[in-house]
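J.: Sharing a structure below in structure tokens format, with a few things to ask.
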């Protein structure tokens with residue numbers, strides 16, 4: 001299963017899913033509040049995922 | 001003499017080139033004060049934009065201000081302090097909030113986004129698109145980000161699709177060390193962009209608590225950038 005890091009919760013989980021969209025749905029995370037990296041590359045919700053992929057759900061940083 | 005140590009690294013000619021360049025800093029908060037101080041010391045001319053006043057809670061991380069400056073305008077105090085640091089550079093300050101009608105204030109060799117909201121960042125993105133190089137910076141809690149947005153390269157909308165502002169420093173706090181680190185990265189990238197010396201292409205994300213640096217590749221995914229493919 002793809003490994004998923006949820007930055008906001010500082011938590012690693014494994015989610016059985018074939019796409020980023022499915023991961024977000026299963027984790028009940030609004031896609032508008034995160035940026036998504038797959039193996040250190042920014043991807044969209046449409047991106048497919050495989051077992052070896054490392055997904056990070058990163059918070060949008062706003063402060064200056 | 002002033003730039004002797006820097007010239008050892010970049011060369012006298014490059015220092016001369018830098019002295020002809022002007023960088024616009026949007027936002028004179030934590031990132032803006034730290035990066036403008038570094039740019040002034042490096043001999044780069046500045047345009048400063050901020051509409052806000054100095055508050056006691058700013059002093060923990062906004063390095064140009066002191067207790068006697070509270071309630072004074074950031075743009076005015078910043079210019080005074082930076083002139084004390086380097087009287088040889090040109091510094092213009094604008095006590096204004098960036099909006100649709102004053103975007104011409106960004107006209108310069110490079111813009112550095114030191115704001116605290118995506119609304120202003122999208123304004124900068126649209127105005128500078130394929131025209132003026134700019135650096136997106138942000139920091140909160142113990143994490144900071146930096147991304148160089150250069151003509152014909154991925155833009156801010158390739159990272160952030162919508163205007164959402166979730167985490168604010170007022171609510172979540174920020175370490176002054178992460179601000180200082182991101183400002184240092186921004187100064188380094190500024191020199192590289194201004195001298196055309198291979199600036200960073202990836203989105204940089206640094207967590208100063210864990211000492212973890214991520215380099216994330218950004219592709220042209222927004223509608224506008226996709227059209228240029």
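Chains as they are written, first to last, in our numbering: chain A, 1 to 64; chain B, 1 to 229.
Even for Gly, the Cβ is constructed at its ideal location relative to N, Cα and C.
Computed from a prediction, not measured in an experiment: that's the story for all the values here.
1) Could you give the DSSP three-state label for residue 20 of chain A: helix, strand or coil?
2) At a Cβ cut of 7 Å, what residues of the stretch 5-24 of chain B count as close to chain A, listed as they run along the chain?
3) Among the candidates A/52, A/60, A/61, A/64, whose CA atom is the shortest distance from the CA of residue 19 of chain A?
4) Can you check whether the C-beta of residue 62 of chain A is within less than 8 Å of a C-beta belonging to chain B?
5) Check each residue of the stretch 28-49 of chain A: if its Cβ is closer than 7 Å to any Cβ of chain B, include it; give the result in chain order.
6) With 8 Å as the threshold, decide whether the Cβ of residue 229 of chain B is near any Cβ in chain A.
7) Mark residue 87 of chain B as exposed unless 16 or more other C-beta atoms lie within 10 angstroms of its C-beta, in which case mark it buried.
8) For residue 34 of chain B, count neighbouring C-beta atoms within 10 Å of its own C-beta (all shown protein chains included) and say buried if the count is 16 or more, exposed if not.
9) Below 9 Å on C-beta distance, what does residue 19 of chain A contact in chain B?
10) If distances are taken between C-alpha atoms only, which option among A/13, A/33, A/22, A/9 comes closest to residue 48 of chain A?
11) Taking only the alpha-carbon atoms, compute the straight-line gap between residue 203 of chain B and residue 47 of chain B and give it to the nearest angstrom.
12) Can you check whether the CB of residue 50 of chain A is closer than 8 Å to the CB of residue 34 of chain A?
13) Residue 200 of chain B and residue 40 of chain A: beta carbons closer than 8 Å?
14) Buried or exposed for residue 121 of chain B, going by 16 or more other Cβ atoms inside 10 Å?
T.: Taking the structure as given:
1) If DSSP states are grouped into helix, strand and coil, residue 20 of chain A belongs with the helices.
2) Answer in chain order: no residues at all.
3) Residue 19 of chain A has its Cα closest to that of A/52, out of A/52, A/60, A/61, A/64.
4) Flagged as an interface residue toward chain B: residue 62 of chain A, by a C-beta distance shorter than 8 Å.
5) Residues 32, 33, 35, 37, 40, 41, 42, 44.
6) Closer than 8 Å: no.
7) It counts as exposed.
8) Residue 34 of chain B counts as buried, since no fewer than 16 other beta carbons sit within 10 angstroms of its beta carbon.
9) Result: empty, since nearest Cβ-Cβ is about 16 Å, beyond 9 Å.
10) Taking residue 48 of chain A as reference, the option from A/13, A/33, A/22, A/9 with the minimal CA-CA separation is A/22.
11) If I take the Cα positions, the gap works out to 25 Å.
12) Their beta carbons are not under 8 Å apart, which means residue 34 of chain A does not touch residue 50 of chain A by this criterion.
13) Contact flag unset, no.
14) Buried: at least 16 other Cβ atoms inside 10 Å.
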